[in-house]
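Student: Attaching a single structure in C-alpha cells format; questions to follow.
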C-alpha cells in the first residue's frame, strides 16, 4: 500500500501540527523558561526583569527549612492519602461489586465527590470540621468523645485535609478497581469455592492478583496528585496553622505571588520536578509495571 | 451463591454507612446555605427548620454573582471546544499514522500533562501580562486549552483505534481527502466518544482553580475563584453566603452527573486505565 502511505503522509502535518504547536507554546516552552528563571533573581517589587545569579537560589534552598518542611508535608500527605485511599477503595469496591437491587444507583451516588469542584470540597469540609457551626464535634460529643480541634491545630490539620481528600478521591480508586473486578471470571471463584477456599483465600489468591495492576496505576496517579494538591488546602487552612499544611504547591504559590520572589519560586519548582521524577522512577522500578 | 442472613444485614448496614459518609457533607453544605443567621450557630446543629433562600437571591441578583457564573460557563465551554478540535485532530494522527518517532512524540505529549500545574504558572502569568490579557476570559481559555489537549489525545486515540482502517482506505480510493474522510466519516462514527471526552474536559475546566486565581482579578473571575475570594475577604464568617456560593458552583456538575453519568464514567475509565 505505497499509495496509501503517501496519501496518509501528505496530511500528517495538517493533523498533528495544531496540537503540537499549541502544546509547545503553552506547556513546553514555559518549563524551560522556569528553568531559566530558577537561575535568576527576580523580585517583582524591586526589579522589572530577571537578573542572572547562577546557582544562588539552589544553594539558598539547601538551607531553607521552610522548603524542606513543605517537602516533608507533601510526602507525608502522599504516603498517608494514597494508603488510606487504596486500602479503603479496595474494600469499598469489593463491597459494591455484587448484584443486588439498587446497587447501580448506589455506585452512581458514591462517585459524585470525585467531580465536585475541589474549592467547594474544601469549603464543605471546612464547615464540617468547624468548631462552632460544624456537626462533627457535636456528633463526637454525642458518642462520648471529646471534641477535636481538626483544622485549628498543627497536629491534626494535615490529617483533616487527608480525610477531605479521601472523601473526594477514594471513589476514583473504587471506580478503577470495580472495572478491574469485572474482568475476573466467576468460574474461577466457583471452582476455588468447590475446592474449599475460604473468603480470605479467595481475596488473597484470586481478587488481589487481578486488581494488582490497577492498584499500582492508582498509586502512581495519586502519588503525582499529591504534588498538585492546592485548592482544598488553600480554602481549608491556607497552609497553616504554623505551616503545618504548607504543601509544595502552596509554598510555590506563596513565594511567587505573595512574596513576589519569582526566581526563587522557580528554583523550588525545578527541585519539585526532580523529586516527582525520582518518585515515579522508584515506583515504576520497584513495582515493575 | 447464597449468603447467610446475617451477612446480608451486615452488607446493607455498610452500604448505608457509605452513603451517609458520601452524601452527608453535600447535604450539610446545602443545609448551611439555607440557614438563617438565627439558626446558624445553634448547638446542637439544627437539621429541621424553615429554609430560607433569600441569600441565593441576594447573591445572584444584588451581588451579581451570575457574572462569575457566566465567566465559568464561557471559559469552560470555549476551552473545551478548542481542546476537542486540537485534540481529536492530534489523536487521529496518532491512530492513523505510523510515522517516525510517533511513540516518542506521544510520550512527550503525555509528559506535558503529568507535571504539576504550578510548573508553568509563573511563565504563563508573564506571557499573559505581556500580551495585555490579564483578567480576561481569553487568558483563562488559552491556559486551560493547554492543560487538556493531551488528555483528549489520550482518550480519543483509544476511540479512533477501534475504527477499522478499511474505512479510511476505501474512502481514499474514492478520492476523498483525508480531511474530508475525517470530517464526514471518522468524527460522526466516534461522536459518543467525543461527547464523553468533552463532558469530562468541561467538568475539569469548570473545577480548575490555581490558574484562574492567578490570571484573573475581577472581571474574568470564575466561580471557584469567587468562592475562594469571598472566603478570604469575608474572613470566613459569613457561612450562609459562602455555602450558597459553594452550592451554586457545584450545581451544574450535579446536573451533569445526574443526566450524563454514563458518559462521564466512560471517559474517566478510559482516561485512567489505558495506561
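Protein chains in written order, with the numbering used here: chain A, 6 to 294; chain B, 560 to 834.
Beta carbons are placed, not taken as given, at the ideal position from N, Cα and C, and that holds for glycine.
1. Which partner residues of residue 45 of chain A appear in the DSSP bridge assignment?
2. Could you have a look at residue 266 of chain A and say whether DSSP puts it in helix, strand or coil?
3. Hey, residue 43 of chain A and residue 256 of chain A: beta-carbon distance below 8 Å or not?
4. Quick check on the burial criterion: 16 or more other C-beta atoms within 10 angstroms. Buried or exposed for residue 53 of chain A?
5. Could you check whether residue 723 of chain B and residue 765 of chain B sit closer than 8 Å to each other, using their CB atoms as the reference points?
6. So with Cβ pairs under 8 Å, would you call residue 236 of chain A a contact of chain B?
7. Counting beta carbon pairs with one atom in the segment 108–121 of chain A and one in the segment 85–96 of chain A, are three or more of them shorter than 8 Å?
8. When burial is assigned at 16 or more other CB atoms within 10 Å of the CB, is residue 780 of chain B buried or exposed?
9. Determine whether the Cβ of residue 150 of chain A lies closer than 8 Å to any Cβ atom of chain B.
10. Pairs of beta-carbons, one from the segment 637–645 of chain B and one from the segment 232–244 of chain A, closer than 8 Å: are there three or more?
11. Return yes when the Cβ of residue 232 of chain A is within less than 8 Å of the Cβ of residue 267 of chain A, no when it is not.
12. For a contact meaning CB atoms closer than 7 Å, what does residue 32 of chain A contact in chain B?
13. Looking only at C-alpha atoms, which of B:734, B:608, B:636, B:828 sits nearest to residue 590 of chain B?
14. Got a sec: is the Cβ-Cβ distance from residue 258 of chain A to anything in chain B below 8 Å?
15. Using a threshold of 8 Å, state whether the C-beta atoms of residue 802 of chain B and residue 588 of chain B are closer than that.
16. Who are the Cβ neighbours of residue 176 of chain A in its own chain at under 7 Å, not counting the five residues just before and after it?
17. Helix, strand or coil for residue 135 of chain A per DSSP?
18. For the segment 610–621 of chain B, list every residue whose C-beta sits within 9 Å of some C-beta in chain A, in sequence order.
19. At 4 residues or longer, and completely inside the segment 159–231 of chain A: list those alpha helix (DSSP H) runs for me, N to C.
20. Within its chain, find whatever has a CB closer than 7 Å to the CB of residue 744 of chain B; leave out the 5 residues flanking it on each side and keep chain order.
21. Applying a beta-carbon distance threshold of less than 8 Å, which residues of chain A neighbour residue 578 of chain B?
22. Between residue 820 of chain B and chain A, is there a C-beta pair that is closer than 8 Å?
23. Decide yes or no for the touch test of the segment 599–607 of chain B against the segment 137–151 of chain A: beta carbon pairs closer than 8 Å, at least 3 of them.
24. In whole angstroms, give me the CA-to-CA distance for residue 809 of chain B and residue 125 of chain A.
25. How close, in whole Å, do the beta carbons of residue 584 of chain B and residue 129 of chain A come, if the pair is a contact with beta carbons under 8 Å?
26. Measure the C-alpha to C-alpha separation of residue 181 of chain A and residue 58 of chain A and round it to an integer number of angstroms.
27. What are the boundary residues of the alpha helix (DSSP H) that residue 565 of chain B is part of?
28. Residue 762 of chain B to residue 202 of chain A, Cα distance in whole Å?
29. Could you give the distance in angstroms between the alpha-carbon of residue 166 of chain A and the alpha-carbon of residue 82 of chain A?
30. Would you mind reading off the limits of the alpha helix (DSSP H) that contains residue 247 of chain A?
31. By the 10 Å Cβ neighbour count, where 16 or more other Cβ atoms means buried, how is residue 682 of chain B classified, buried or exposed?
32. CB residue 162 of chain A to CB residue 246 of chain A, shorter than 8 Å?
33. At the level of alpha carbons, what is the spacing between residue 816 of chain B and residue 784 of chain B?
34. Please report the straight-line C-alpha distance between residue 595 of chain B and residue 615 of chain B, rounded to a whole angstrom.
35. Could you list the residues in the segment 170–203 of chain A with a C-beta less than 7 Å from some C-beta on chain B, going in chain order?
36. Cβ closer than 9 Å: which chain A residues qualify as neighbours of residue 766 of chain B?
Tutor: Let me spell this out:
1. A:57
2. strand
3. no
4. exposed
5. no
6. yes
7. no
8. buried
9. no
10. no
11. no
12. 671, 679, 705
13. B:608
14. yes
15. yes
16. 115, 116, 118, 119
17. coil
18. none
19. 162–187, 191–199, 204–207, 213–231
20. 726, 730
21. 111, 114, 115
22. yes
23. yes
24. 7 Å
25. 5 Å
26. 47 Å
27. 564–592
28. 45 Å
29. 9 Å
30. First-last for residue 247 of chain A: undefined, no H or E at that position.
31. buried
32. yes
33. 22 Å
34. 12 Å
35. 172, 180, 181, 184
36. 120, 121, 122, 123, 124, 125, 236
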